[in-house]
Amino acid sequence: MNASDVNAPGVDVCDGDVFDVLVVDDDMRVARINAAYVAKVPGFRVSAQAHSAAEALSILDTHPVDLILLDHYLPDENGLDLVRRLRERGHRTDVIMVTAARDLATVQAAMRLGALQYLVKPFTFASLRTRLEAYGALRHTLDTGGEAEQAEVDRIFGTLAAARADAPNDLPKGHSAPTAELVRRILLDAGGPLSTQQIADRVGISRQTAQRYLKLLDRTGRVTLALRYGETGRPEHRYSWLPPATGRAPEPPAS
Numbered sequence: 043m044n045a046s047d048v049n050a051p052g053v054d055v056c057d058g059d060v061f062d063v064l065v066v067d068d069d070m071r072v073a074r075i076n077a078a079y080v081a082k083v084p085g086f087r088v089s090a091q092a093h094s095a096a097e098a099l100s101i102l103d104t105h106p107v108d109l110i111l112l113d114h115y116l117p118d119e120n121g122l123d124l125v126r127r128l129r130e131r132g133h134r135t136d137v138i139m140v141t142a143a144r145d146l147a148t149v150q151a152a153m154r155l156g157a158l159q160y161l162v163k164p165f166t167f168a169s170l171r172t173r174l175e176a177y178g179a180l181r182h183t184l185d186t187g188g189e190a191e192q193a194e195v196d197r198i199f200g201t202l203a204a205a206r207a208d209a210p211n212d213l214p215k216g217h218s219a220p221t222a223e224l225v226r227r228i229l230l231d232a233g234g235p236l237s238t239q240q241i242a243d244r245v246g247i248s249r250q251t252a253q254r255y256l257k258l259l260d261r262t263g264r265v266t267l268a269l270r271y272g273e274t275g276r277p278e279h280r281y282s283w284l285p286p287a288t289g290r291a292p293e294p295p296a297s
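So the mapping is simple: the numbering used here equals the position in the sequence shown, first residue as 1, plus 42.
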């Protein structure tokens, strides 16, 4: 898909139920791979692909998107210059840098221009999925409007910053990637809230171990926690996977 494949003019592609993504990469093969990755994450769809800054600008001027996956090395100008031009034109589109640029000056410039994430190539599908899901959870929270207490503000700011801790290759010490993925899949497939003990039983781990992984998911904004009160004793903690976008039920990842 390229500039000619975007939705028809006059259609607002930002429909609130699915996040529309523009993939920008000078390498057509890499762009196709990244687009295929995005398409596997529930709540996200690729509206178009662009292979230069000029092509990206042309698309965005007529077809708004929620998020840009942006390479830094483009044939006509670099990705950060493209972001500057977008801001000058009034585009507030969110940006995740997806690039081989590793120098700290570029990383710092991306931060100052408001890039929400910076993913260094080469990367795995799991790494991108984690960041997209964190972005979806953040937007889901922000789009509700209203006011926030300090705890909620801390959670909002921490969601994207902590996204890498949810990726299988970037777990804190004492956490295993296979176990983290099992817990994640159990929650995705549950169709409703589960207690810590239920999750522990389904994964085949101790209750204490399950608590560790659930606390990590809660800290990174991946789950919601509710209390169920019985007639006696302490309330039971019940966890649900947080949908990536308003109006969508949790779905397992595409295989």
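A virtual CB, placed ideally from N, CA and C, is assigned to each residue, including glycine.
> Of all the options Ala179, Ala143 and Ala222, which has the alpha carbon lying nearest to the alpha carbon of Asn120?
Replying inline: Position 78 of the sequence shown, counted from the first residue, corresponds to residue 120. It is Ala143 whose Cα lies nearest to the Cα of Asn120.
> Can you pull the DSSP bridge partners for Ala90?
Replying inline: In the sequence shown, residue 90 corresponds to position 48, counting from 1. Its beta-bridge partners are Leu64.
> Can you tell me the Cα-Cα spacing of Ile138 and Leu267, whole angstroms?
Replying inline: Stepping through the sequence shown from its first residue, residue 138 is reached at position 96. Stepping through the sequence shown from its first residue, residue 267 is reached at position 225. Computed Cα separation, rounded: 28 Å.
> In whole angstroms, what separates the C-alpha of Arg244 from that of Arg270?
Replying inline: Residue mapping note: residue 244 aligns to position 202 of the sequence shown, counting from 1. Residue mapping note: residue 270 aligns to position 228 of the sequence shown, counting from 1. Spanning the two alpha carbons is a distance of roughly 20 Å.
>> Quick test of the definition: if touching needs 3 or more C-beta pairs under 8 Å, does the segment 179-188 touch the segment 214-227?
In response: With a cut-off of 8 Å, the segment 214-227 and the segment 179-188 do not count as touching, because too few Cβ pairs lie within range.
> How would you call Thr238, buried or exposed, if buried means at least 16 neighbouring beta carbons within 10 angstroms?
Replying inline: Translated into positions along the sequence shown, residue 238 becomes position 196. Counting of Cβ neighbours within 10 angstroms places Thr238 among the buried residues, the total reaching 16 or more.
>> Considering only DSSP beta bridges, list what Ser282 is partnered with.
In response: By 1-based counting over the sequence shown, the position of residue 282 is 240. Thr266, per the DSSP bridge assignment.
> For the segment 124-139 against the segment 82-89, are there 3 or more C-beta pairs whose distance is under 8 Å?
Replying inline: The answer is no - the segment 82-89 does not touch the segment 124-139, with fewer than three Cβ pairs under 8 Å.
> Going by beta carbon distance, what residues of the same chain come within less than 8 Å of Thr34, once the five residues before and after it are set aside?
Replying inline: Residue 34 lies beyond the stretch modelled for the chain, which goes from 43 to 297, so this question has no answer here.
>> Whole angstroms are fine: how far does the CA of Lys257 sit from the CA of Gly233?
In response: In the sequence shown, counting from the first residue as 1, residue 233 sits at position 191. In the sequence shown, counting from the first residue as 1, residue 257 sits at position 215. Cα to Cα, the separation comes out at about 20 Å.
> With a CB to CB cut of under 7 Å and the five nearest residues on each side skipped, what residues in its chain are close to Ala207?
Replying inline: Looking up residue 207 in the sequence shown gives position 165. For Ala207, the pLDDT reaches just 47, beneath the cut-off of 50, and the residue's location in the model is therefore unreliable, leaving the point undetermined.
> Which residue comes first and which comes last in the alpha helix (DSSP H) that contains Tyr160?
Replying inline: Residue 160 sits at position 118 when you count from the first residue of the sequence shown. Counting along the chain, Tyr160 sits inside no alpha helix (DSSP H); it lies in the beta strand (DSSP E) bounded by residues Gln159 to Val162.
> Asp243 by DSSP, collapsed to three states: which one?
Replying inline: As a working note, residue 243 is residue 201 in the sequence shown. Residue state, collapsed to three classes: helix.
>> What does the alpha-carbon distance come out to for the pair Leu122 and Val149?
In response: Reading the sequence shown from its first residue, position 80 is the one you call residue 122. Reading the sequence shown from its first residue, position 107 is the one you call residue 149. Taking the straight line joining both Cα atoms gives about 10 Å.
> Who are the Cβ neighbours of Arg280 in its own chain at under 6 Å, not counting the five residues just before and after it?
Replying inline: Counting from 1 along the sequence shown, the entry for residue 280 is found at position 238. Scanning its chain for C-beta atoms nearer than 6 Å, with the 5 sequence neighbours on each side dropped, one finds around Arg280 the residues Pro235, Ser237, Ala268 and Arg270, in chain order.
> Roughly how far, in whole angstroms, is the beta-carbon of Leu161 from the beta-carbon of Ser169, given that I think they are within contact range, below 8 Å?
Replying inline: Your numbering for residue 161 matches position 119 in the sequence shown. Your numbering for residue 169 matches position 127 in the sequence shown. Confirmed, about 6 Å.
>> For Asp185, list the residues DSSP reports as bridge partners.
In response: Locating residue 185 in the sequence shown gives position 143, where the first residue counts as 1. The beta-bridge partner set that DSSP reports for Asp185 is empty.
> Considering only residues of the same chain and omitting the five flanking positions on each side of Val80, which have a CB-CB separation below 8 Å?
Replying inline: Taking the first residue of the sequence shown as 1, we reach residue 80 at position 38. Closer than 8 Å at Cβ, skipping near neighbours: Val63, Val65, Phe86, Arg87, Val88, Leu111, Leu170 and Leu174.
> If you compare alpha carbons, which of Leu102, Asp231, Ala176 and Ile247 is closest to Ser218?
Replying inline: As a working mapping, residue 218 is identified with position 176 in the sequence shown. For Ser218, the closest alpha carbon among the candidates Leu102, Asp231, Ala176 and Ile247 is that of Ile247.
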